[in-house]
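Asker: According to the working numbering, the sequence shown is numbered sequentially starting from 704.
The beta carbon of each residue, even a glycine, is placed where N, CA and C say it ideally should be.
Note that this is a predicted model, so its numbers are computed, not measured.
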Amino acid sequence: MEGLGRRLFASIFISLMAAGLLSLLPALDSQDQGNGEIPAFHSHTEGSLTQETLVNFLLQQPLHVQLDRVDLEQGRLLIRLKEMNPEEKVYNDILTLLYSSFVEVSNVEFIKLQITLTDGRQGLTLYANRSDLADDPQMQRAKKMSAREYIEQTFRLVQEEIPR
Numbered sequence: 704m705e706g707l708g709r710r711l712f713a714s715i716f717i718s719l720m721a722a723g724l725l726s727l728l729p730a731l732d733s734q735d736q737g738n739g740e741i742p743a744f745h746s747h748t749e750g751s752l753t754q755e756t757l758v759n760f761l762l763q764q765p766l767h768v769q770l771d772r773v774d775l776e777q778g779r780l781l782i783r784l785k786e787m788n789p790e791e792k793v794y795n796d797i798l799t800l801l802y803s804s805f806v807e808v809s810n811v812e813f814i815k816l817q818i819t820l821t822d823g824r825q826g827l828t829l830y831a832n833r834s835d836l837a838d839d840p841q842m843q844r845a846k847k848m849s850a851r852e853y854i855e856q857t858f859r860l861v862q863e864e865i866p867r
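1) Cβ-heavy atom distance between Arg709 and the ligand ZN below 7 Å?
2) For Ile741, which residues in the same chain have their Cβ closer than 6 Å to its Cβ, ignoring the five residues on either side in sequence?
3) Between the beta-carbon of Thr799 and the beta-carbon of Leu766, is there less than 8 Å?
4) Going by Cα to Cα distance, which pick from Thr819, Phe813, Phe712, Glu755 is closest to Leu770?
5) Can you tell me whether DSSP reads Leu798 as helix, strand or coil?
6) Which two residues bound the contiguous alpha helix (DSSP H) that contains Val758?
7) Am I right that Leu784 and Val808 are in contact with their C-beta atoms under 8 Å? What's the rounded C-beta distance?
8) Using beta-carbon positions only, say whether Ile782 and Leu816 come within less than 8 Å of one another.
9) Once DSSP output is grouped into helix, strand and coil, what is the label at Phe858?
10) Go ahead and pull the three-state DSSP assignment for Gly750.
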């Protein structure tokens with residue numbers, strides 16, 4: 704009877720060990736992403752913005768505007784927005800994008816932000832260089848005035864025809 708108990712214990716122990724080891728296989732397989740697939744979303748590492756982290760970077764922003772086009776190339780960020788009302792929310796979203804791009808990351812040197820107005824052709828274009836923030840690198844003055852006032856005083860805002 705004692706031999707039967709040992710055999711039963713051994714078979715249960717071996718079965719549990721095999722099940723435990725088999726449960727580790729999916730975790731090991733997911734670590735090896737050598738199948739040519741590139742994930743669409745990457746974690747955003749604070750300090751730099753890349754093509755791979757651009758989607759997550761924008762998804763993390765609390766925006767109310769609709770993004771039409773976004774491009775990042777050699778430290779130049781182009782963002783095209785579709786205007787929506789109220790106007791103050793648009794300026795707050797622009798300020799959020801500027802703050803995130805210039806203060807939270809270090810590799811964006813220039814931002815061209817186009818806001819398409821309701822007719823689809825006329826719009827506003829904001830040109831922002833990191834050097835525009837030489838006197839206020841952390842954008843602290845933005846807390847003391849409205850978003851629109853800060854943007855108009857600090858950056859270049861031009862009304863022009865937006866190419867399609």
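Answerer: With the given structure in hand:
1) With respect to the ligand ZN, the structure offers nothing, as it holds no ligand at all.
2) Because Ile741 sits at a pLDDT of 49, beneath the cut-off of 50, its placement in the model cannot be relied upon, and the point is left open.
3) Yes, these two residues count as a Cβ contact at 8 Å.
4) It is Thr819 whose Cα lies nearest to the Cα of Leu770.
5) If DSSP states are grouped into helix, strand and coil, Leu798 belongs with the helices.
6) Looking at the DSSP string, the run of the alpha helix (DSSP H) that includes Val758 is 757-762.
7) About 19 Å separates the beta carbons of Leu784 and Val808, which is beyond the 8 Å limit, so they are not a contact pair.
8) Result yes, Cβ atoms of Ile782 and Leu816 sit closer than 8 Å.
9) Taken through DSSP and simplified to helix, strand or coil, Phe858 comes out as coil.
10) Strand, per DSSP.
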